[in-house]
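S.K.:
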Amino acid sequence: MLLFGIETSCDETSVAVVREGCDVQSCIIGSSRKDFEHRGGVIPEDAARRQLEMILPIVEQALKEAHVTPTDLEGIAVTTGPGLLGSLLVGTTTARVLASTWNIPLIPVHHTLGHLSSTWLQESAKRKVESPTTAAAYAETSGKYEEAKFPILTLSVSGGHTDLWYRTSHTVGILAGSTRDDAAGEAFDKGAVLLGLPYPGGPALAALAEQGDEKKFDFPLPLKSEEGTDFSFSGLKTSLKYLLRDLGDKLHEPGTRASVAASYQHAISAHLIDRLTHAVKRFPETKEVHLVGGVSANLRLRAMAEDLMKSHSLSVRWPTSLRFCTDNGAMIAAAGEFLVREKPEWLKREFVTSATMSLKF
Ligand code: KG4
Ligand code: ZN
Numbered sequence: 006m007l008l009f010g011i012e013t014s015c016d017e018t019s020v021a022v023v024r025e026g027c028d029v030q031s032c033i034i035g036s037s038r039k040d041f042e043h044r045g046g047v048i049p050e051d052a053a054r055r056q057l058e059m060i061l062p063i064v065e066q067a068l069k070e071a072h073v074t075p076t077d078l079e080g081i082a083v084t085t086g087p088g089l090l091g092s093l094l095v096g097t098t099t100a101r102v103l104a105s106t107w108n109i110p111l112i113p114v115h116h117t118l119g120h121l122s123s124t125w126l127q128e129s130a131k132r133k134v135e136s137p138t139t140a141a142a143y144a145e146t147s148g149k150y151e152e153a154k155f156p157i158l159t160l161s162v163s164g165g166h167t168d169l170w171y172r173t174s175h176t177v178g179i180l181a182g183s184t185r186d187d188a189a190g191e192a193f194d195k196g197a198v199l200l201g202l203p204y205p206g207g208p209a210l211a212a213l214a215e216q217g218d219e220k221k222f223d224f225p226l227p228l229k230s231e232e233g234t235d236f237s238f239s240g241l242k243t244s245l246k247y248l249l250r251d252l253g254d255k256l257h258e259p260g261t262r263a264s265v266a267a268s269y270q271h272a273i274s275a276h277l278i279d280r281l282t283h284a285v286k287r288f289p290e291t292k293e294v295h296l297v298g299g300v301s302a303n304l305r306l307r308a309m310a311e312d313l314m315k316s317h318s319l320s321v322r323w324p325t326s327l328r329f330c331t332d333n334g335a336m337i338a339a340a341g342e343f344l345v346r347e348k349p350e351w352l353k354r355e356f357v358t359s360a361t362m363s364l365k366f
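Throughout, the numbering used here is defined as the position within the sequence shown, counted from one, plus 5.
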């Protein structure tokens, strides 16, 4: 199918045209991030107001860049939750109006299912792949849908959630583990605030960490004595707070701040990898491991995941482009495709916009 995807669950306003759940004909991502850089986080009402201004122009831009007209489209997939309610309403209201005007079906999509579907996305043959990926051969298939190898274990790590999903198809699976407190992205963002870095903290902290020594400072490994596949990040944040208090002015000595960032980034990644190790043991039938969500853009995490999977002879995959790691409309179109393919009755589903919905397979 050729689907239109709309994503507005947080501060991004993104729309995309995607063929067969993988071939990205266009993907426009508008962000009001600059407005929030020095405010420590997103202000929901401001984000929704900016999205309202942005959405119609980028709908037109996406159609133009994909060289399609509304009559070519076979459906509109839209994030219905979870997320900021005002932001979600901008996306879902736009989707309802467009679906009615263009006379095509509306496909409601859970935000997390969007992230879980993002590893199949590839820039259309005309576009350049931006980030390195272990799935280079996959990127070269340019537009052909590669059969997924299930069961797949997916570590979904973003600013809003940290989950481990075990799936036997795109839309069938179980939630094998979840965070008990902060999300991994939140741990990056809150750590960045403590280090005086701008929002969103993940990319800023990762950039600073590049100049530091990750072995310089010790952080505890969360849930060390537990065999399970749950996560906890709030202890790491507290450890960082105490470390900065103890360092005092020494933080400003050359290289110290960067080494604190590197050690903290390593501690977050080590915890994620430790839980992934338990998960791989718990699900020995796993054929592939995927990393998705904003934090999957982190190069240190990717390298550690690759090392772990080599020792288990498993392949690991993450989105082929950095822009598919963070929130984007293309992953929502991909999820819409898989939902309709595997659950045709989905098209008749009641359409509900919710800030707090949970993903149930
Ligand atoms: O998936 P996403 O765009 O939005 C949510 O659904 O939350 O993820 C955003 C999160 C933020 O917390 C951001 O700091 C984090 O992803 N992030 C990163 C990196 N790039 C984005 N964290 C670590 N390293 C990065 N390179
Ligand atoms: Zn997200």
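Think of the CB as a built atom: it goes at the ideal place given N, C-alpha and C, for glycine as much as any other residue.
#1: Note down, in chain order, each residue of its chain lying with its Cβ closer than 7 Å to the Cβ of Ile-63, except the 5 sequence neighbours on either side.
#2: Please confirm whether Phe-224 and Leu-241 have their CB atoms less than 7 Å apart.
#3: Is Ser-37 a contact residue of the ligand ZN, with contact defined as CB to any heavy atom under 6 Å?
#4: Is Phe-356 near the ligand SAH, in the sense that its beta carbon is under 6 Å from a heavy atom of that ligand?
#5: What is the C-beta distance between Thr-85 and Thr-97, in whole angstroms, given that I count them as a contact (C-beta under 8 Å)?
#6: Just grab the DSSP bridge partners of Asp-251 for me.
#7: Just jot down, in chain order, the residues whose CB lies closer than 5 Å to any heavy atom of the ligand ZN.
#8: Can you tell me the Cα-Cα spacing of Ala-104 and Ser-316, whole angstroms?
#9: Under a three-way DSSP split, which group does Arg-24 fall into?
#10: What's the call for Tyr-247, buried or exposed, on a 16-neighbour Cβ count within 10 Å?
#11: Can you grab the Cα-Cα spacing for the pair Lys-69 / Gly-298, in whole Å?
#12: I believe Pro-227 touches His-276 by the beta-carbon criterion, under 8 Å. Please report the beta-carbon distance rounded to the nearest angstrom.
#13: Where do the N-terminal and C-terminal ends of the beta strand (DSSP E) with Leu-296 fall, by residue?
#14: Can you name, in chain order, every residue of its own chain whose Cβ lies under 7 Å from the Cβ of Asp-279, other than the five neighbours on each side?
#15: Is Pro-87 near the ligand KG4, with its Cβ less than 6 Å from a heavy atom?
#16: Flag Gly-404 as yes when its Cβ comes closer than 6 Å to any non-hydrogen atom of the ligand KG4, and as no otherwise.
#17: Residue range of the beta strand (DSSP E) that Gly-182 falls in?
M.R.: Concretely, from the data shown:
#1: For the purposes of this step, residue 63 is taken as residue 58 along the sequence shown, with counting starting at 1. Cβ within range, chain order: Thr-18, Val-20, Ile-33, Gly-35.
#2: For the purposes of this step, residue 224 is identified with residue 219 of the sequence shown, where counting begins at 1. For the purposes of this step, residue 241 is identified with residue 236 of the sequence shown, where counting begins at 1. Cβ distance < 7 Å, so Phe-224 and Leu-241 count as in contact.
#3: Taking the first residue of the sequence shown as 1, we reach residue 37 at position 32. No; taking the cut-off as 6 Å, the Cβ of Ser-37 has no heavy atom of the ligand ZN nearer than that.
#4: This structure lacks the ligand SAH; the ligands present are the ligand KG4 and the ligand ZN.
#5: What you label residue 85 is simply residue 80 of the sequence shown in a count that begins at 1. What you label residue 97 is simply residue 92 of the sequence shown in a count that begins at 1. Contact between Thr-85 and Thr-97 holds, since their C-beta atoms are separated by about 6 Å, short of 8 Å.
#6: As a position in the sequence shown, residue 251 is number 246, starting the count at 1. Bridge partners of Asp-251: none, in fact.
#7: My final list is Ser-163, Asp-332.
#8: Translated into the one-based positions of the sequence shown, residue 104 becomes position 99. Translated into the one-based positions of the sequence shown, residue 316 becomes position 311. One C-alpha to the other measures close to 48 Å.
#9: Numbered from 1 along the sequence shown, position 19 holds the residue referred to as residue 24. For Arg-24, the secondary structure class from DSSP, reduced to helix, strand or coil, is strand.
#10: In the sequence shown, the residue the question calls residue 247 occupies position 242. The residue is exposed, with fewer than 16 neighbouring Cβ atoms inside 10 Å.
#11: Taking the first residue of the sequence shown as position 1, residue 69 is located at position 64. Taking the first residue of the sequence shown as position 1, residue 298 is located at position 293. About 27 Å.
#12: For the purposes of this step, residue 227 is taken as residue 222 along the sequence shown, with counting starting at 1. For the purposes of this step, residue 276 is taken as residue 271 along the sequence shown, with counting starting at 1. With a Cβ gap of about 5 Å, Pro-227 and His-276 count as contacting.
#13: Walking along the sequence shown from the start, residue 296 turns up at place 291. DSSP places Leu-296 in the uninterrupted beta strand (DSSP E) bounded by 293-297.
#14: Here residue 279 corresponds to residue number 274 of the sequence shown, with the count starting at 1. Excluding its 5 nearest sequence neighbours in each direction, Asp-279 has C-beta neighbours in its own chain below 7 Å: Leu-226, listed in chain order.
#15: By one-based count along the sequence shown, residue 87 stands at place 82. If you check the C-beta of Pro-87 against the ligand KG4, you find no heavy atom less than 6 Å away.
#16: Because residue 404 is not part of the residues shown, which for the chain are 6 to 366, the question remains open.
#17: By one-based count along the sequence shown, residue 182 stands at place 177. From DSSP, the beta strand (DSSP E) with Gly-182 extends over 177-183.
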